[in-house]
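What follows is one structure encoded as C-alpha cells, with my remarks underneath.
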Amino acid sequence: MQKVKIIACEVFKEEFLRGLKIPRENCIFLPQELHRTPDLLNVELQKQIDLLDEQGDLDCIYLGYGWCGNGVAALKSSRSKIVIPNSEDCISVLLGLRHFGKCQINRTTSYFLSSGWIAFGSDGWKEYQRCLELFDHETAYWATKEMIKNYETFILINNDMASYLADKVYVQKISEFFDLNYEEVEGSIDWLASLFEDIESNSKIIVEPGISIQSSMFTCGT
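Position one of the sequence shown corresponds to residue 26 (the working numbering), numbered consecutively onward.
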C-alpha cells in the first residue's frame with residue numbers, strides 16, 4: 026500500500042474527511058486565509074512539503090489546491106510525486122469535474138461559498154461583523170457593501186455536507202442583508218476523488234520528484 030499525505034486548504038476539510046473518508050492522520054490542513062497572500066501560501070506549502078521529505082517514506086503528496094494565484098508556483102518535492110488538480114482555484118474543484126476545462130465560471134459578479142468556505146473563510150457577513158467592531162452600523166454596512174460592490178449573487182455550492190441546511194439559511198440571510206441574489210449550485214467531490222484514481226486524466230497534474238510545479242502545466246486560468 027502506498028504511503029501518502031494530503032496537504033490541503035481547510036475549505037476542503039469536510040470533503041476529504043467525511044466525503045472521501047480519508048484518515049485524519051493523512052491530512053494536513055492549512056488556513057484558508059493564506060489565499061489572501063499567495064506568496065505566504067507558497068512558502069507554507071513548500072515548508073510542509075520539505076517536512077514530509079525529511080520523513081523520507083512517502084510515495085505521493087496530494088495537494089488540495091489549484092493554481093491559486095501562483096500559490097503553488099515552483100513547489101517541488103525531492104522525494105515524492107506530487108499530484109494536484111489541474112484547476113485555476115479551489116472553487117472549480119468544489120464544483121466538480123463537469124466544470125473541468127471551463128474557464129468561464131463567473132467570478133466577477135458571483136460570490137461562491139461552500140461548507141468549508143463558510144466554516145473557515147471570510148465572506149460579506151463576517152467582514153460586516155469585523156467592521157461593526159470599529160464603526161456604527163451605517164458605516165460598517167457601507168464599508169462592507171463597497172468591498173462586495175461588484176457582486177450580484179451569493180452562490181452556495183452544495184456538496185451534500187452535514188452542514189448544508191445551516192449553510193443554506195446562512196447564505197440566504199446574508200444575501201437578503203446585502204440585497205443580493207441567492208442561488209445554489211450542485212457541487213461534487215468527484216474531482217478530489219479522481220486525484221487518487223490510478224488512471225491518467227487531464228484533470229490532475231502529476232509532478233515527479235525534483236520537478237517544480239509550473240504554470241505551463243495547467244490548462245486553464247493561469
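Beta carbons are placed, not taken as given, at the ideal position from N, Cα and C, and that holds for glycine.
G149 has no beta-bridge partner at all, per DSSP. Judged by DSSP secondary structure, A33 falls within the beta strand (DSSP E) whose first and last residues are 29-34. In this structure, N227 keeps its C-beta atom at 8 angstroms or more from the C-beta atom of N51.
Taking the Cβ atoms as the reference, F37 lies roughly 7 angstroms from L217, within the contact range of under 8 angstroms. When C-alpha distances from L157 are compared across L181, K170, F145, the shortest belongs to K170.
Pairing L205 with L66, the inter-Cα distance amounts to about 31 angstroms. According to the DSSP assignment, Y136 belongs to no alpha helix (DSSP H) but to the beta strand (DSSP E) extending over 135-138. With respect to the 8 angstroms criterion, Y136 and I173 are classified as neighbours on the basis of their beta carbons. DSSP places K101 in the coil class of the three-state scheme, outside both helix and strand. In the DSSP assignment, K170 falls within the unbroken alpha helix (DSSP H) covering 162-172. In the displayed model, C115 falls within a helix according to three-state DSSP. Between the stretch 138-145 and the stretch 38-50 there are three or more C-beta pairs closer than 8 angstroms, enough to call the two in contact. Sequence-distant partners of A98 (beyond 5 residues in either direction) whose C-beta falls short of 7 angstroms from its own C-beta, in its chain, are N67, I238, S240. Assignment of I143 by DSSP, reduced to helix, strand and coil, places it in the helix class. Around the Cβ of Q57, a 10 Å sphere holds 16 or more other Cβ atoms; the residue is buried. Looking at the DSSP output, Y90 bridges to nothing.
The criterion of a C-beta distance shorter than 8 angstroms is not satisfied by P48 and G94. In the structure shown, Y207 falls within a strand segment according to DSSP collapsed to helix, strand and coil.
Proximity of the stretch 69-79 to the stretch 192-200 falls short of the contact definition, fewer than three beta-carbon pairs being nearer than 8 angstroms.
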